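Participant: Got a structure for you, written out below as structure tokens; questions coming shortly.
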Amino acid sequence: MIRLCIFDLDGTLADTLGSIAGFANQALRRCGWGEIPLEEYRYLVGNGADQLMRGMLKRAAGSFSEQDVARLRAVYDALYEADPLRDVTPYPGMLQTLQQLKRQGCGLAVLSNKPDNVTQAVVGGMFPPGLFARCWGQREGVPRKPSPEGALRIAQELAVSPAECLYIGDTCVDMQTGNSAGMRTVGVLWGFRDRKELEENHAWRIAAAPEEILRFAAGEEEE
């Protein structure tokens, strides 16, 4: 029985690719580097903001220092924090799916590698208050995904065993996180990566549309 669904944010709950790319390219320009095509951000995001900065600098500058990373990150954070919902939209059918999961008695949570303050702002701006029992971004003292620690802490706080959880995301990082936590993983095809990556990282199930998650949570897709 599934009692808790833990969702990734970027590429899972919301289409944030244009938002991230927009702020990232604006930060690159302000710091004197060239822009990166939007589609390349599909493979740069997912491992936290510092890793995003390093990936951007490798692509835009070739070589860089940690001072460059810190400078770019400071500009990026200021831009993002000033307008976190710019060009962000929930995926079609996502809100209805979340509400139905809750009606079925399933708890809901968010675990993202996006900085915690921005995660709170994006989720709070897109979804009704109280929909999620926990909403965590990258925060001090909790290793970023693919460490399972954040997912396990959320489950523990909500008194749910890992075996009673689905971890839902769109990248290899998410599948690794959920599998390492002993949770069943659902890879989603509407996000930033493809079926091949999800299957190679041992997704338990693949969802082509949000409403398919309802079947998985209800136990209709048991082995």
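Numbering-wise, the working numbering puts 153 at position 154 of the sequence shown, and it's gapless, one number per residue. For every residue, glycine included, the Cβ atom is placed at its ideal position computed from N, Cα and C. From a predicted model like this one, the values you see are computed outputs, not experimental measurements.
1. Measuring only the C-alpha atoms, how far is Arg214 from Gln99?
2. In whole angstroms, what is the alpha-carbon distance linking Gly17 and Trp203?
3. With distances taken between CB atoms, is the gap from Lys113 to Gly149 smaller than 8 Å?
4. Would you kindly report the start and end of the unbroken alpha helix (DSSP H) that includes Ser18?
5. Please report how far the alpha carbon of Gly45 lies from the alpha carbon of Asp9, in whole angstroms.
6. Whole angstroms is fine: what's the gap from Ala69's alpha carbon to Arg102's?
7. With DSSP collapsed to three states, give me the class of Ile1.
8. Is it buried or exposed, Asp7, if we count other Cβ atoms within 10 angstroms and call 16 or more buried?
9. For the putative contact between Leu97 and Leu107, defined by C-beta atoms under 8 Å, what is the C-beta separation to the nearest angstrom?
10. Going by beta carbon distance, what residues of the same chain come within less than 6 Å of Leu84, once the five residues before and after it are set aside?
11. For the candidate residues Gln66, Tyr40 and Leu43, whose alpha-carbon lies nearest to that of Cys30?
12. What are the partner residues of Cys134, as DSSP defines its beta bridges?
13. Below 8 Å, can you find three or more Cβ-Cβ pairs linking the region 163-170 to the region 184-194?
14. Do Cys105 and Lys183 have their beta-carbon atoms positioned less than 8 Å apart in this structure?
15. Sorted by chain position, which residues of the same chain lie with C-beta nearer than 7 Å to Leu197's C-beta, five sequence neighbours on each side aside?
16. Please state whether DSSP places Thr170 in a helix, a strand or coil.
17. If distances are taken between C-alpha atoms only, which option among Ala13, Ala180, Cys4 and Ile5 comes closest to Tyr90?
18. Taking only the alpha-carbon atoms, compute the straight-line gap between Pro161 and Gly218 and give it to the nearest angstrom.
19. Using the C-alpha atoms, what's the distance from Ala60 back to Pro209?
20. Would you mind stating whether Met55 and Glu163 have Cβ atoms separated by less than 8 Å?
21. In whole angstroms, give me the CA-to-CA distance for Asp76 and Cys134.
Facilitator: Looking at the coordinates:
1. Cα to Cα, Arg214 sits roughly 11 Å from Gln99.
2. 29 Å
3. no
4. Leu16 to Arg29
5. 8 Å
6. 44 Å
7. coil
8. buried
9. 6 Å
10. Gly124
11. When each option's Cα is compared against that of Cys30, the closest is Gln66.
12. Val109
13. yes
14. The question names Lys, but residue 183 in the sequence shown is Arg. For Arg183 and Cys105, no; Cβs fall outside 8 Å.
15. Met174, Gly186 and Ile205
16. coil
17. Ala13
18. 15 Å
19. 38 Å
20. no
21. Linking Asp76 to Cys134 through their CA atoms gives a straight-line distance of about 19 Å.
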